[in-house]
Each structure stands twice: as C-alpha cells, then as structure tokens.
Amino acid sequence: MFNVLAAIFSKEYVKTRTSMLILFALGISLAAVIYFDLNRLFMLDHPEIVWYHTLDLKQIPYGIFKYLPMLSATVFCFCQFLPEMRDERLRISLHLPCPLGLLLLAHIVYGLIFLMALMIAESGAILIILGRKYPLAYLPEAFWTMLPWCLAGIYAYLCCAWVLLEPKKKTKVLGLILGVCICTPLFQHYTPGAFSTAYLPFILGIPLLTVSLFLPALHFRTREVE
Amino acid sequence: MRKVAYAALMLFSILVLSLALPAAYDLIFIKPIQKTNLFFSPVLKKCIFTEQIRGFDAKAAAKSEGHHADIVYKDESGEYYDRLAFEAYLPFIYYRNMELRGLLPVTAYGQSFDRKTIEKHRRVLELKATSLDSHRPKPSCLPLIEADPGQVALLYPDDRFQSTTKGLQFINADFNAPDEKLSKLFTLALTNQGFVFPCKHIGGNFTNFKPYEGGIFLVDAKGQLFHLMRQKGEPFCTKVALPKGVVPRHVLVSEARERQWLGLVLDTQDRIWLLRQHDLALIGLETTRYRPNEMDFKLIFNPLFVTAIFSDAKKIYAQVFKLPVKDAVPFSIAQPFHSFSMSMSRSQECWQTMVAASIFPFVTTLQAENTSLLTARITSSSHYFSLSLPICLLLAIGYFFYSRRKKSPNRLAWTQIGLIAFCGIYALIPILLLDENS
C-alpha cells in the first residue's frame, strides 16, 4: 500500500512540478512587491505616521495578497485534475490495488500539502517583511487578517476538485455553489484581527469537504451521469 | 464510505448555506435601517426623534412634502413634525440652521442662548459596545502623545508603547526596537504610585486631532485607576480616587475645548461616571437599564442638560439629567429627571423579514452589531413554530412525493425527508443537486 501511495505522490509530482514552480515563483514575486512597496511607504513618510496608518487606521499594506491563495489554488487544482479528467485518464489509476477512498485522498492530500506549504511560505515571507518594519506585537493581527484568505484558497481547491471530478452537471453546480458560499464570507472586510475568534468552524469544514469528495469520485467510477 | 461522505457533505452544505443564503437574501431584499436618533427637546420638554421606516406611513408622508417620505419626525407622545419644526425644537443641535433662519438667540427654561453659548457647552461622548476590550481585537501598540510639544499642534511621537506583564515597553519607530530607557522611566513612574502590572485596560484618545492632550488612563491588576501623561518627555502619573467597590472596566477619553469633562468611566457594575478634567473626580449617572455588552451609549451635552441615549439592536432609551455643576461633589450620583424608551423602527417586521423568517429555519452568522470580533452563532427563526416549521414540513412532504415518483422511498429517502423537515431549504438544495436516490 505504501508503494502505491508513493507512486501516486510521484505521479502527481511529475504532473504538477512546473505549475508548482510557477505558483511558488508568483508567490515570492508578490512578497517582493510587498517588500518594495513597504520600503517605499517608509521612505515617503515618517515611520510613526506609517505605523499610525496601519495600527490605528487599520490600513492593510499587504492587501495585494488577498486573492493570491484562491488564484493559486484554482490554477493548481486545474493543473492537477484537468489532465486526469481529460479522456478519463483517472480511470487508469482506478486499476491500482488501492481502495477508491484512499486513492482519492492521496490526490487531495498531495494538493493540500503543496497549497499549505505555498501559503505558509507566502504568508511567512510577508510576516518576516512586516516584522522588519512594524513592532512584533502587530504580527498576530496580520496573521489573523491573512488566515481567512488562505482558508478561502483551501476551500477554492476542494470545491474546484469537486467540480472537476464530478461527472453530473447538476452536481457540479453544487460544488460551485458551495465554493462561492464559503469563500464570500472569507473575503469580506472585517476589522483586522477580528477573525481570531472565528477560525475554528472554518478549519473544521476542511475535513468535512475533503471526505465528501469521495462522492464525485464514486460517481466518476460508476459512470453516473444524468 | 459513501454514507460517511454523504453525511459529511450534508452537514457542510447545511452549515455553509445557512451562512450564505440569509446573508444574500438580506443584501437583496432588506433595507438596512440605522438606529433611531433620539433627543430631549428643551422647547417641548419631552423626547423627540427621527428615524427611517420600512414601508409607508401616511402621516409621515404628509409632513414630508413628498420628499424623503420614509423619514419620520415624531415626539414621545406620537405627534408628527416636519423637518423644519423638528430642527426648531432642537435648537442646541441645529443651532447653525437656526442662526441662518434668524431664530437665534433662542429662549428655553427662561434663559436666552446665543450661538457662542451653545457651542461652548455642546459636546458628545460616545461609547459603543464595539469599543469595549472584550468586543474588539486587542490593540497592538499605542502612542503616548506629548502633552507639551512646544507648538500649537500636537505631534505624533516617534515611539509607541505596549503593556507587558512587567511594565510598559516603548518601541521606537525609527529603529523598530524597544527603547529600554524610556520603558524603565515610565514603568517606574507607574510603580512608584502603586501600579501593579499586568495592566487590565488602557483608555485614551490616541490621535493628535484634538485641542490638547489629556493623557491616558490605565487600570492595573488590582482594579486601581491611574492617569499617565507625558510632559516634556517626562512621565506624570497620578492615582485616580475611586468610590468604594468601584472597579473601572473602560475609560473613554475625549478632549474638548470646554475642558470641563475629560471623558467617562464605565465600571464593572455597568455604571457610567463622568470624569472631571481639573481634579479627575468621578460624578455618577444613574443609567439603570444600560447594558454595556449589548448597547451603544451616547452622552449629549447642551447648555442645560446631559442626555444619556443608549440602545441595543431593537430598543432605545433616553435619560435626561440636569447638567452637573463644575463643583459637584465627587462620587455623587445624578438622578434623571426625565426618562423615555421606545422600540426602534428597525425592529419592526415587514413582509421581507417575514419571508426570511419563513424560509430560513435557522441562520448562521459571523458578525454581530455589538462586537467587531467574529463568532459563529446559530439562531433559530423568530417565527420557527408558526412559519418556518410548517414550511419545512411542506417541503419535506413535497420531496416525499417527488422521490416516490421514481421508486418507493428507501432508508436514504426517509433520512432526506427528515433532514428537509428539520433544515428546510438548506437540506433541500444539496439533496436535489446531488440526486443520490437516482
């Protein structure tokens, strides 16, 4: 079983390495943009005034990051699952000596591990950049502001996987609806740091949606169409 | 595995839809209504208010002269006014319009008031529920503004401070590093006065857009209140005398040109105290029905009275006090001479809210009006048994017949029917789109 899972991970790596590299480069480029933007901000004004704008007026100097996790997740999901679904190539993997649930889980976990690593790298880089210019006490606020954007990325990946895996058009719509419904509140403008008391239900939703992805995979295997 | 996946999906869908669908419905169909503006009229000697309404009010429309018919001007006896009459009954609020119309000076309670007198006494202190420490994200670092900058305008300091378990820590903005010397100086000034760290609350007006710097107030671990000022770079700390048993919860600082009241203090027993500028004495206001965790509080000062206005999401209260004299006895508690309360128009139901209460058996929300922190809450429909449950049951019966068209209901279909009966539209949407029965 371990060999099968290693083979799946290896297959996924070969398939997605270019897209992973591009997305990683995109994330690092964006962090560089934030770094230079922030430097310019501190060059144009006195540090205490920039602090006033950020700490008191709650301006977000890293706001450009907001939609990047969702964009990266959607692109990555298409790169991972579109080749599998084109000409039904995923069917070949179904012949592996591995239960369907585990096979699907391996694909999803691979995607989630990459996305989480990418988001940790991106948000970590942003926090390091912020830590150079702002007091350390500001960093938790920045973390809680970025967390819902990263969660929206995870949900975008899972819902996108749902839409791609599902053969029935009607059920594809459900994945789309759930994606829009869960991502919209995560992108709303809240007081920076306000998410610190509400993250748990959103994190608990991730395993629920991951497990439920077994349904479209099953529909695919049993060739269920309208 | 299929059953587990199905159950997980249904649970996820129901929770997500109960969050998103009511929010989308409100956005499309419900007109948001601000809170009622309630005042005490020194001319009518009763409370008078203006509010926006949903729907149509013929008497309000008659007074509106065809324009903005959804804005009502009324007094506590139910009498309607037009906008000009409403403004004339509140000369201390609309004094600039009154002056333009040649109606100043105005006479009330046997005294004459011109623009200068009104401006001198007029001010508003506002304490929103969202400002309380437990209802907002903890501020990271705060500025301690120099009270004597040697120039007219106040300057923003190069450093900010944060309270730690051991003392105040100042961080210099130029180097983004702690300023040990300054930290020690201010920590020592506080501990010399008996301050015990960690600090429970820091209250201040952290802006330089104000006429002068009134300093900050700190509540220590023992519930004692201290006033801290920065003058020529040096700390000036005084312990504020508190009535016996009073522990401050929140201090609102608002410096105004009149320099009589520096702000207000909310204590842990929900009492409001005015904070006198010259001796930092506390003068209490008897606002019995004020619940700070749910209500926004406003004090409106005019040359004759102080009106305390406080409101939760549905009801608004007004209590009017005679203006406390400058030399009122510290810790004395002023009693209101006039009180009024009413339900605000925003709490009234209309067909849009009734439809929402019918189709959504429960609603998941993240935001609440009284806090800026997000918390997931599930609340059932306000008309669950009378409207929402019958509609859910109708949907369940409808689904029973729908599923019977294909084949006789199996165990899954009965579970689905039960889910629809309990969760209504939130369960029906994923069940129809998944179509697992087929």
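These protein sequence lines map, in sequence, to chains A and B. Following the working numbering, the numbering of the first sequence begins with 1 at its first residue and continues without gaps. Following the working numbering, the numbering of the second sequence begins with 1001 at its first residue and continues without gaps. Virtual Cβ for every residue (Gly too), placed ideally from N, Cα, C.
Under 9 Å between the Cβ atoms of residue i and residue j?
i: residue 1099 of chain B; j: residue 1082 of chain B; result: no
i: residue 23 of chain A; j: residue 76 of chain A; result: yes
i: residue 103 of chain A; j: residue 217 of chain A; result: yes
i: residue 1433 of chain B; j: residue 174 of chain A; result: yes
i: residue 1285 of chain B; j: residue 1313 of chain B; result: no
i: residue 1039 of chain B; j: residue 1029 of chain B; result: no
i: residue 107 of chain A; j: residue 168 of chain A; result: no
i: residue 206 of chain A; j: residue 1020 of chain B; result: no
i: residue 148 of chain A; j: residue 190 of chain A; result: yes
i: residue 1001 of chain B; j: residue 1430 of chain B; result: no
i: residue 1311 of chain B; j: residue 1354 of chain B; result: no
i: residue 1154 of chain B; j: residue 1213 of chain B; result: yes
i: residue 17 of chain A; j: residue 100 of chain A; result: no
i: residue 1132 of chain B; j: residue 1292 of chain B; result: yes
i: residue 1136 of chain B; j: residue 1288 of chain B; result: no
i: residue 1177 of chain B; j: residue 51 of chain A; result: no
i: residue 60 of chain A; j: residue 37 of chain A; result: no
i: residue 1071 of chain B; j: residue 1346 of chain B; result: no
i: residue 1047 of chain B; j: residue 1306 of chain B; result: no
i: residue 178 of chain A; j: residue 1209 of chain B; result: no
i: residue 1197 of chain B; j: residue 1164 of chain B; result: yes
Looking only at its own chain, which residues have a Cβ that is under 8 Å from the Cβ of residue i, when we skip the five neighbours before and after it?
i: residue 1162 of chain B; result: 1140, 1141, 1142, 1168, 1169 and 1171
i: residue 1280 of chain B; result: 1227, 1238, 1240, 1241 and 1262
In chain order, what residues of the same chain have a beta carbon less than 6 Å from the beta carbon of residue i, not counting five sequence neighbours either side?
i: residue 164 of chain A; result: 81 and 85
i: residue 1042 of chain B; result: 1108 and 1304
i: residue 151 of chain A; result: 186 and 202
i: residue 1195 of chain B; result: 1220 and 1226
i: residue 193 of chain A; result: 141 and 144
i: residue 8 of chain A; result: 106
i: residue 1223 of chain B; result: 1247
i: residue 1232 of chain B; result: 1148
Excluding sequence positions up to five away, which residues of its chain have a Cβ less than 7 Å from the Cβ of residue i?
i: residue 1259 of chain B; result: 1277
i: residue 1252 of chain B; result: 1125, 1127, 1203, 1263 and 1264
i: residue 1092 of chain B; result: 1042, 1118, 1122, 1302 and 1303
i: residue 1246 of chain B; result: 1267
i: residue 196 of chain A; result: 144
i: residue 1120 of chain B; result: 1258
i: residue 1421 of chain B; result: 1392, 1393 and 1396
i: residue 20 of chain A; result: 114
Verify the contact flag: residue i, CB atom, against every heavy atom of the ligand MN, threshold strictly below 8 Å.
i: residue 1220 of chain B; result: Among the ligands in the structure shown, none appear at all, so the ligand MN cannot be discussed.
Check: Would you call the region 193-208 of chain A and the region 80-87 of chain A touching, i.e. three or more CB-CB distances under 8 Å?
Finding: no
field: Selection of the region 1002-1023 of chain B by Cβ proximity to chain A, strictly under 9 Å
entry: If the cut-off is 9 Å between Cβ atoms, the region 1002-1023 of chain B has 1002, 1004, 1005, 1006, 1007, 1008, 1009, 1010, 1011, 1012, 1013, 1015, 1016, 1017, 1019, 1020, 1021 and 1023 near chain A.
Checklist entry - Mind listing which residues of the region 1349-1378 of chain B have their C-beta closer than 8 Å to chain A's C-betas, in chain order? => result So the list reads 1366, 1367, 1372, 1373, 1374, 1375 and 1376, given in the order they occur along the chain.
**Message:** Residues of the region 1131-1144 of chain B in Cβ contact with chain A at a cutoff of 9 Å, in chain order, please.
**Reply:** Identification of residues in the region 1131-1144 of chain B having a C-beta nearer than 9 Å to some C-beta of chain A yields 1136, 1137, 1138, 1139, 1140, 1141, 1142 and 1143, given in sequence order.
Review point. Which residues, in chain order, does the region 1059-1093 of chain B contribute to contact with chain A at a C-beta distance below 7 Å?
Key: Within the region 1059-1093 of chain B, no residue has a Cβ that lies closer than 7 Å to any Cβ of chain A.
(message) In chain order, what are the residue ranges of uninterrupted beta strand (DSSP E) at least 3 long that sit wholly in the region 1162-1234 of chain B?
(response) 1168-1172, 1201-1203, 1216-1219 and 1225-1231
Q.
For the region 1373-1387 of chain B against the region 1147-1154 of chain B, do three or more pairs of beta-carbon atoms, one drawn from each stretch, fall closer than 8 Å, so that the two count as touching?
A. no
Q: With 7 Å as the C-beta to C-beta threshold (strictly closer), list the residues of the region 1175-1189 of chain B near chain A in chain order.
A: 1176
Contact between the region 56-74 of chain A and the region 115-132 of chain A is defined here as three or more beta-carbon pairs at a separation below 8 Å; is this criterion met?
yes
Exercise for review: With 8 Å as the C-beta to C-beta threshold (strictly closer), list the residues of the region 1147-1165 of chain B near chain A in chain order.
Suggested key: 1156, 1157, 1158, 1159, 1160 and 1162
Legend entry - Any 3 or more C-beta pairs closer than 8 Å across the region 1363-1380 of chain B and the region 1052-1064 of chain B: Result no; under three Cβ-Cβ pairs closer than 8 Å.
- Note down, in chain order, all residues in the region 156-173 of chain A with a beta-carbon under 7 Å from any beta-carbon belonging to chain B. Within the region 156-173 of chain A, the residues whose Cβ lies closer than 7 Å to some Cβ of chain B are 170, 171 and 173, listed in chain order.
| message | Between the region 1330-1339 of chain B and the region 1008-1027 of chain B, can you find at least three pairs of beta-carbon atoms closer than 8 Å? | response | Touching, no, given that fewer than three Cβ pairs across the two stretches are closer than 8 Å.
3 or more residues per run - each beta strand (DSSP E) lying fully within the region 1328-1356 of chain B:
Every beta strand (DSSP E) stretch that sits fully inside the region 1328-1356 of chain B and reaches 3 residues is listed by chain position as 1338-1343.
Quiz item: Where in the region 1036-1078 of chain B do unbroken runs of the beta strand (DSSP E), each at least 3 residues long, occur, reported from the N-terminal end onward?
Solution: Runs of the beta strand (DSSP E) inside the region 1036-1078 of chain B: 1037-1041, 1046-1052 and 1071-1075.
If the cut-off is 9 Å on Cβ atoms, which residues from the region 1418-1432 of chain B count as contacting chain A, listed in chain order?
1429, 1430 and 1432
task: List in chain order: all unbroken alpha helix (DSSP H) runs of 4+ residues lying wholly within the region 120-201 of chain A.
output: 139-165 and 169-187
**Request:** Mind listing, in chain order, the continuous beta strand (DSSP E) runs of no fewer than 3 residues lying wholly within the region 1090-1177 of chain B?
**Result:** 1106-1108, 1111-1113, 1123-1127, 1159-1163 and 1168-1172
Practice prompt. Name, going along the chain, the residues of the region 1106-1121 of chain B whose beta-carbon falls closer than 8 Å to a beta-carbon of chain A.
Written response: Listed by position along the chain: nothing, the set is empty.
Interface positions of the region 1393-1406 of chain B facing chain A (Cβ-Cβ less than 9 Å), listed along the chain: none
Quick check for students: name the residue ranges of the alpha helix (DSSP H) that lie wholly in the region 49-91 of chain A, counting only runs of 4 or more.
68-85
Residues in the region 1210-1222 of chain B having any Cβ partner in chain A nearer than 8 Å
none
Could you please tell me which residues of the region 1025-1039 of chain B, in chain order, have their CB closer than 9 Å to any CB of chain A? Those would be none; no residue qualifies.
Quick check for students: name the residue ranges of the beta strand (DSSP E) that lie wholly in the region 1362-1435 of chain B, counting only runs of 3 or more.
1362-1365 and 1377-1380
- Can you list, in chain order, the residues of the region 123-135 of chain A whose Cβ is nearer than 8 Å to any Cβ on chain B? 132, 133, 134 and 135
task: Could you list the residues in the region 194-215 of chain A with a C-beta less than 7 Å from some C-beta on chain B, going in chain order?
output: 194, 195, 196, 197, 198, 201, 205, 208, 209, 211, 212, 214 and 215
query: Any residues in the region 23-54 of chain A with a beta carbon nearer than 9 Å to a beta carbon of chain B? Which ones, in chain order?
result: Flagged, chain order: 46, 47, 48, 49, 50, 51 and 52.
Margin query: By the 7 Å beta-carbon criterion, what residues does the region 1322-1333 of chain B contribute toward chain A?
Written below: none
message = Quick check on the DSSP output: what are the complete beta strand (DSSP E) runs of length 3 or more inside the region 1228-1313 of chain B, in order along the chain?
response = 1234-1240, 1248-1253, 1261-1267, 1272-1276, 1282-1285, 1296-1301 and 1305-1311
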